[in-house]
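Chains as they are written, first to last, in our numbering: chain P, 94 to 587; chain C, 834 to 1303. Below is one structure, written out as structure tokens, with a few remarks after it.
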Amino acid sequence: MLFNSVDFLIFFPVIVLLCLILPKKLRYLWLLAASYFFYMSWNAKYAFLLLAVTLCTYLAGLILPHCRRSFTRRLTVAVCIVFHLGLLFYFKYFDLFLNTLNRMLSGLHLQLLERSFDIILPVGISFYIFQSMGYVIDVYRNELAPEKNPFRYALFVSFFPQLVAGPIERSKNLLGQLKELDQKPLLQPGSVSGGLTLMVWGLFVKMVIADRVAILVDTVFEQFYLYGTVALLAGALGFALQIYCDFMGYSVIAVGAARVLGITLMDNFDTPYFSRSIGEFWRRWHISLSTWFRDYLYIPLGGSRCSRARKYLNLMITMGLSGLWHGANWTCIAWGLIHGIYQIAGDLTRPFRQKLYSALSAKTESLSFHLAQVCSTFLLVDFAWIFFRANSIGVALSFCKRLFTKWDPWSLFNGEIYTLGLDRPEFNILVVSVMILFLADLIRYKKKQDVVAFLQEQCIWFRWGAVMLLTLAILVFGIYGVKFESSQFIYFQF
Amino acid sequence: MKLKRAVQSILFCIIFILITSRVYQVLSWKDTGGDYLTIFNDFYHMEENLIDVLFMGSSRCYCAIDNSRLWTEYGIASFNFSISGQDLASTYYCLVEALKTQKPKVVCIESYGAVFEGYQVIGNMYRNTLPLKLSANSYEAVQNIVTDGDPMDYWLKWPIIHTRYSELRARDFEKDLPVYLGYQAGFHTEEIQGTPLYIGDEAIPTAEKNEEYLDKIIALAKDHDISLCFFVAPYAAPDTDQRIYRYVEQIARENGADFLNMLALKEELGMDTHTDYTNWFHTNYFGAEKVTHYMGEYLKAHYALPDRRDDVRYHIWDEDAVVRFHEVQNELTIRRTSDVINYLNLIPGLKGYTVFISTEGDYLSGDADIFGYLNGIGISEEFYSGRHVWIWEDGQITYISPETDFLQYGDLPYSEYAVSGSETDHTILIARTPYQKTTDGINIIIYDNILGEVADAVGFYAPGSYAMIR
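So, in structure tokens, the structure goes:
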């Protein structure tokens, strides 16, 4: 059940209305049932996996406070983590492992291993496994008391707005709110209107921008060998836009839906393409995952408070695993490692760059300097996205080679840009929509306000007018229905 | 505070609904006959209980039955509720829809739907489901008709119609369109190979689903005390089709309904395979003339149908007759005239038209003496030798331009015009499109005020003998 489906359009109001009608004490049980129904709408069998993860981490949480010896505590956590990583490996990485192994065996002229079964990747598995592991680690670190109510804990793991594509919530934030669910009044006017506005905004960026630019991106990446620099650049820039709008759109809808239900989820994106360095990009992009890796992997590995070599190794491990988390293929690993290399290169060249700036008397606080930093960071990020989107490392390299060698600036003016899947009217719709997105991001960047907070400061005509226009834009220009097949949210596959 | 907030919310919701419904009107599906025409527009806006005879069926029905002729010749208030590819299931749901507001005395069903086995073209599925208003009937229709795609998309409509934003025309934004009661005249003529009449007794059963809906139609007609008349319009029917019609005839007769097989009446009708068909499957305007005449006589003879011509409530049938007359005049008279003298002779007799005439370059160099004919339109000697643009409407000249440096613009029914002139030439724009054909001669653009379209745009090239450029 996608957020941008008719099913969800019916499902969500029913859930909210019944939440209102049911006794407060039963709310979390109702939400739990709804969350399982939501998850099972993809494949009912997945529910067993979700249940297994829930049971395992719930029991681990209960056991941990009773383990007096440090060894048994560590053992409990280790068993729990190995179990979950095993699940992840089995469902998500087994194919990659087998293919890589076979490639090696083939190189040695040995018999290849055959896959005797098909594994379907359960939707959202990486998200709820990471969220559950985070809970166990928090309990292990005594940062959180274990949740004793199994149903409430099950709701924490399966809460439907963020179940399949995040944000990966912290137990301290979400569990606490779920405990108070039966105490606070539901459907507060501000939270409902704010939540619904966020959902509309999320649907706009997903259905009008992400799914539209996806048509261009798919055209370019599928036949990259036919195109020159201009089209490939359009494809690469388009993918940066697509993945941002796709994932940000989902996260915003999730945050909005949760807000309607009285739950505040963490923001997952904070204008990442306005970052002035790769480090800053990672503080603004997929924040829930970045902070998860920071808190549960990078810092335990030693973080940056160690030797430079060790720090760089920690960074590469973290970024490599972050890449692997995103996809069971070498392109995603390469994407993560490229980001690691960017950060190491940035760190290594910092003294040189600073010397250069002072030698050139560069005004490092000027708008133009910041703009140059934003542009250069964006270009680096976009270059890495090519690896993320390509079907293989070989394709990514060929794509990059063509990008830099098949120079065809005349394509900008001969209308070829309109042959990449989006004709002129569609292109115009995309441009106008991106301008709206840019404006919203600029406001957020400058005023530190999200769309809802900004709108709430405006007069009522503007506020309602904006929401109505966005809704109409979705209805008319959204990519859905018979002519257009709406694509799944990209991050579901993670 | 809470009350104020609630009132605001309700107010904005109402505004949103109003805007959305207008956007829906613009985007809505407006084609039931393959020519950007929808019978549902006039049907849903029609006063209740006006229709006496309802015709239903596929394109074969709307090509064969001319409502305006039934009106002008017999005073029969008929409506042609035919849709491209309408199968018997669609006929049934359209009949249910029709009976919500109308009480026809006779329903005539062109029986080609019995030959169908599913929709061949997705567009026909759209035509038969999307224009229906949201109701239990439309829901049931979608559930039972749609075989391609998600029925929910058809029922909600937006998932299909929203993509029409890229194909919108000015007419999508018009609320008052020319009356359309269902007949679609075909003016193309194709000689067809006739097929022999099947004279045996063997009947081939229609598809199970068709028979189910045939029974439903008969039951519905009985419930509403409506006379049913199944008929088959002429075409080069294959043997199999004719045997299926035999089966339909049996069912019709068993249930007391009439069956009029025009395949067996081609001689009585006077059908000519050289002149009366658009293709082997559809009658053209001349064929429809014969079919409608026969049908009018038949209806008058077999059913007690009142003559409504003097009833003011039936004004849309008068309007429809005018619209159809214009269609015929445009196609058979104006567009088939190619001689400059005849063309100029034609203009004074036109009613409901705006004509733009411009004289360009050395337009007097032709060998025909055209002054007398231009004078007949109202162009006086004073302006004859100059280069001007004239606008003529219903018998009189309403505008004469100076020779150079002028600009005149204004509205036309359903459209707009702009004429301008420089030292070298004139420009005549209708709906922002230039129409003049020659820079050395006479340009004549005839705009049809009733149909809201350019009926004809021709140039007569003066050097030589005013050869026509169309």
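Idealized CB from N, CA, C, for every residue including glycine. Since we're looking at a predicted model, the values are computed, not measured.
Short of 7 Å from the beta carbon of residue 1273 of chain C, and not among the five residues preceding or following it, lie these beta carbons of its own chain, in chain order: 1193, 1194, 1195, 1196, 1294, 1295 and 1296. The alpha-carbon separation between residue 845 of chain C and residue 550 of chain P amounts to approximately 18 Å. If one requires a minimum length of 3 residues, the beta strand (DSSP E) runs lying completely within the segment 1067-1142 of chain C are 1091-1094, in chain order. Contact check for residue 888 of chain C against residue 1089 of chain C fails: the beta carbons are separated by 8 Å or more. Residue-level contact by beta carbon holds for residue 561 of chain P and chain C, with a gap shorter than 8 Å.
In the DSSP secondary-structure assignment, residue 244 of chain P is not bridged to any residue.
By a beta-carbon distance limit of 8 Å, residue 1115 of chain C contacts residue 896 of chain C. Their separation comes to about 4 Å. With contacts defined by Cβ atoms closer than 8 Å, residue 1127 of chain C and residue 893 of chain C do not form a contacting pair.
Chain P places a beta carbon closer than 8 Å to that of residue 999 of chain C, counting this residue as a contact.
Chain P has a Cβ within less than 8 Å of the Cβ of residue 841 of chain C. For residue 905 of chain C, there is no enclosing beta strand (DSSP E); the enclosing alpha helix (DSSP H) has its first and last residue at 900-907. Under the Cβ distance rule, residue 856 of chain C counts among the residues neighbouring chain P, one pair being separated by less than 8 Å. Per DSSP, reduced to three states, the secondary structure at residue 257 of chain P is coil, with no helix or strand assignment. Interface annotation, residue 282 of chain P: in contact with chain C, CB-CB separation under 8 Å. Judged by DSSP in its simplified three-state form, residue 911 of chain C adopts strand. Residue pairing by DSSP places residue 1281 of chain C opposite C/1186 and C/1286 in a beta bridge. In the structure shown, residue 238 of chain P adopts coil according to DSSP, grouped into three states. Neighbourhood of residue 845 of chain C in chain P, by CB distance below 7 Å: 557, in chain order.
Within the same chain, and ignoring the five residues on either side of residue 934 of chain C in sequence, the residues whose Cβ sits closer than 6 Å to its Cβ are 881. Neighbourhood of residue 982 of chain C in chain P, by CB distance below 9 Å: 575, in chain order. Closer than 8 Å to the CB of residue 989 of chain C there is at least one CB belonging to chain P. With 16 or more other Cβ atoms from the protein chains shown falling within 10 Å of its own Cβ, residue 1183 of chain C counts as buried. Across the structure, residue 291 of chain P and residue 540 of chain P are spaced so that their CA atoms are roughly 17 Å apart.
Among the residues of the segment 233-261 of chain P, none has a Cβ less than 9 Å away from any Cβ of chain C.
Of the residues P/530, P/109 and P/94, the one whose Cα lies closest to the Cα of residue 350 of chain P is P/109. DSSP places residue 127 of chain P outside any beta strand (DSSP E); the residue lies instead in the alpha helix (DSSP H), whose first and last residues are 120-133. Residue contact check for residue 565 of chain P against chain C: a CB pair falls below 8 Å. For residue 1005 of chain C against residue 859 of chain C, the beta-carbon gap comes to about 5 Å, under 8 Å, which counts as contact. Shown here, residue 361 of chain P sits in coil according to DSSP, grouped into three states, outside any helix or strand. Neighbourhood of residue 985 of chain C in chain P, by CB distance below 7 Å: 99, in chain order. At a cut-off of 8 Å between C-beta atoms, residue 568 of chain P counts as an interface residue with respect to chain C. The criterion of a C-beta distance shorter than 8 Å is satisfied by residue 922 of chain C and residue 1042 of chain C. Assignment of residue 217 of chain P by DSSP, reduced to helix, strand and coil, places it in the coil class. Using a CB distance cut-off of 8 Å, residue 174 of chain P does not count as an interface residue toward chain C.
Residues of the segment 1212-1231 of chain C with a Cβ closer than 8 Å to any Cβ of chain P: none. Nearest CB-CB separation between residue 962 of chain C and chain P: not below the 8 Å threshold.
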